[in-house]
Amino acid sequence: MFAFSFLTATTVAFAASSRQGVTVPVPTRTTRYSSSSDDTIESLTDKLQQALEDKAGSPFQVLNSRLSSISLHRTHVGVSPIAGRGLFASCNCPAGTLLTCYPGDGIVDFDDDDDEEPQVYWGDHTKQEEQDGDWDPDYLLSMNNNGNDDEMMGLVGLPSLDGDSAYLGHLCNDGTFHIPMTVKEIVTQYLNESPDRANAMEQSILDCHMVLVSTRDISKDEEIFLCYGPEYWMQRPGFGAS
1 MFAFSFLTAT TVAFAASSRQ GVTVPVPTRT TRYSSSSDDT IESLTDKLQQ
51 ALEDKAGSPF QVLNSRLSSI SLHRTHVGVS PIAGRGLFAS CNCPAGTLLT
101 CYPGDGIVDF DDDDDEEPQV YWGDHTKQEE QDGDWDPDYL LSMNNNGNDD
151 EMMGLVGLPS LDGDSAYLGH LCNDGTFHIP MTVKEIVTQY LNESPDRANA
201 MEQSILDCHM VLVSTRDISK DEEIFLCYGP EYWMQRPGFG AS
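Laid out in structure tokens, this is it:
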């Protein structure tokens, strides 16, 4: 179990293998513009290092925060042709570009005890009504702790918090969505299509922030896609239905 004694926890019920959902009809309020002064991976690393020093070296407190010092305006939220809302490039982004961060509005502790519901430790920037609201638990990125498969944690990105272009990673879709078929057909189709359509990947920086980085050149207004992995879709309701 993780030690999150510095935060207040609530309990929720959902599968530990959840991943970011693809349809939440909440209007976007994201400002669309990009700047040459936007952070790079190197400058963001420096800012995160400073944040770690300010928070006495606690990566969990930094992970659980939305830092106002981060400058990123390379993405915006728009209507996706495949799944409700999606994440789009606000400017041309060459391969290797830092796009946005995946927010840690909540940190989930997946207890090893199956009889216990996982706890969510909310960041100080979240409001009580957002914590108590009907947020979609599919907006969850599961991670292992320092490569330890026995210690799982999760990042919850609240879909209603979409006004900061520095933290929009939770609104990025998978380029492939499953069609009801047999399990073998779905997995085969997914592995053939999703990696080819993905133009971004998740990357951890200093174990205290998760970011999205472009894996190829992305044109302005092009939708940004991740590859969630077949495990995500295998947990979805109706998977494998004929």
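Residue numbers (the UniProt record's numbering): 1 to 242. Every residue, glycine too, gets a C-beta built ideally from N, C-alpha and C.
Three-state secondary structure (DSSP) of V125:
Taking the first residue of the sequence shown as position 1, residue 125 is located at position 125. Looking at the sequence shown, residue 125 is not Val but His. Looking at H125 - three-state DSSP - the assignment turns out to be coil, as it is neither helix nor strand.
Assuming M210 and Y102 make a contact with CB atoms under 8 Å, what is their CB distance in whole Å?
The sequence position of residue 210 within the sequence shown is 210, counting from 1. The sequence position of residue 102 within the sequence shown is 102, counting from 1. The Cβ separation is near 4 Å, so the contact holds.
Measure the beta-carbon distance from T100 to L72 and round it to whole angstroms, keeping in mind my assumption that it falls under 8 Å.
Your numbering for residue 100 matches position 100 in the sequence shown. Your numbering for residue 72 matches position 72 in the sequence shown. L72 and T100 do touch by the CB rule: their CB atoms are close to 6 Å apart, below 8 Å.
Alpha helix (DSSP H) segment containing S43, residue limits:
In the sequence shown, counting from the first residue as 1, residue 43 sits at position 43. Taken as a continuous stretch (DSSP letters only), the alpha helix (DSSP H) holding S43 covers I41 to D54.
Whole angstroms is fine: what's the gap from G123's alpha carbon to A166's?
Reading the sequence shown from its first residue, position 123 is the one you call residue 123. Reading the sequence shown from its first residue, position 166 is the one you call residue 166. Using only the alpha carbons, I get a separation of about 16 Å.
Quick one: what's got a C-beta closer than 7 Å to T75's C-beta in the same chain, skipping five residues either side?
Taking the sequence shown and counting its residues from 1, the one referred to as residue 75 is at position 75. Correct list, in chain order: L87, F88, A89, S90, L99, T100, S165, L168 and I224.
Is the Cβ-Cβ distance between D217 and P118 less than 8 Å?
Here the question's residue 217 lines up with position 217 in the sequence shown. Here the question's residue 118 lines up with position 118 in the sequence shown. The Cβ atoms of D217 and P118 lie no closer than 8 Å to each other.
Give me, in chain order, the residues of the same chain whose beta-carbon lies closer than 6 Å to that of T188; leave out the 5 immediate sequence neighbours on both sides.
One-based indexing of the sequence shown puts residue 188 at position 188. There are no such residues.
Reduced DSSP category for R66 - H, G, I as helix; E, B as strand; rest coil
For this step, residue 66 is matched to residue 66 along the sequence shown. Coil.
Can you tell me whether V79 is buried or exposed, with buried defined as 16 or more other CB within 10 angstroms of its CB?
Residue mapping note: residue 79 aligns to position 79 of the sequence shown, counting from 1. With fewer than 16 other Cβ atoms within 10 Å, it is exposed.
Distance between G229 and D39 (C-alpha atoms, nearest Å)
One-based indexing of the sequence shown puts residue 39 at position 39. One-based indexing of the sequence shown puts residue 229 at position 229. Just so you know, the alpha carbons of D39 and G229 end up roughly 28 Å apart.
Residue(s) in a DSSP beta bridge with A89:
Position 89 of the sequence shown, counted from the first residue, corresponds to residue 89. Bridge partners of A89: T75.
S165 (DSSP reduced to helix, strand or coil):
Here residue 165 refers to the residue found at position 165 of the sequence shown. Three-state result, S165: coil.
Based on the DSSP output, what are the partners of F60 in its beta bridges?
The residue labelled residue 60 in the question sits at position 60 within the sequence shown. DSSP output for F60 lists no bridge partner at all.
Please identify the residue among L155, A198 and G157 whose C-alpha is closest to the C-alpha of T176.
The residue labelled residue 176 in the question sits at position 176 within the sequence shown. If we check each option's Cα against that of T176, A198 comes out closest.
Name the two residues that bound the continuous beta strand (DSSP E) containing T97.
In the sequence shown, counting from the first residue as 1, residue 97 sits at position 97. From DSSP, T97 is part of no beta strand (DSSP E); its letter is neither H nor E.
Beta carbon of C208 nearer than 8 Å to that of P59:
Taking the sequence shown and counting its residues from 1, one reaches residue 208 at position 208. Taking the sequence shown and counting its residues from 1, one reaches residue 59 at position 59. Yes; because the gap between Cβ atoms is below 8 Å, this pair is in contact.
In chain order, what residues of the same chain lie with their CB nearer than 8 Å to the CB of V77, ignoring the 5 residues before and after it?
For the purposes of this step, residue 77 is taken as residue 77 along the sequence shown, with counting starting at 1. Leaving aside the five residues that flank V77 on each side, the residues in its chain whose CB is nearer than 8 Å to its CB run, in chain order, T28, T30, R85, G86, L87, F88, D162, L168 and L171.
CA-to-CA distance, D196 to S219, given in whole angstroms
On the sequence shown, position 219 is the one that residue 219 refers to. On the sequence shown, position 196 is the one that residue 196 refers to. Answer to the nearest angstrom: the Cα atoms are 16 Å apart.
Same chain, Cβ closer than 8 Å to residue 243, neighbours up to 5 away in sequence not counted
This structure cannot speak to residue 243, because the chain is shown only from 1 to 242.
Helix, strand or coil at E130 according to DSSP, with G and I counted as helix:
One-based indexing of the sequence shown puts residue 130 at position 130. If DSSP states are grouped into helix, strand and coil, E130 belongs with the helices.
Where E223 falls: helix, strand or coil (DSSP):
In the sequence shown, residue 223 corresponds to position 223, counting from 1. Strand, per DSSP.
Among T126, E53, L52 and T97, which one has its Cα closest to the Cα of P159?
Along the sequence shown, read from residue 1 onward, the residue named residue 159 stands at position 159. For P159, the nearest C-alpha among the options comes from T126.
Taking A51 and L67 to be in contact with their CB atoms under 8 Å, please state how far apart those CB atoms are, rounded to whole angstroms.
Residue 51 sits at position 51 when you count from the first residue of the sequence shown. Residue 67 sits at position 67 when you count from the first residue of the sequence shown. Between L67 and A51 the Cβ distance is about 6 Å, and since that is below 8 Å, they are a contact.
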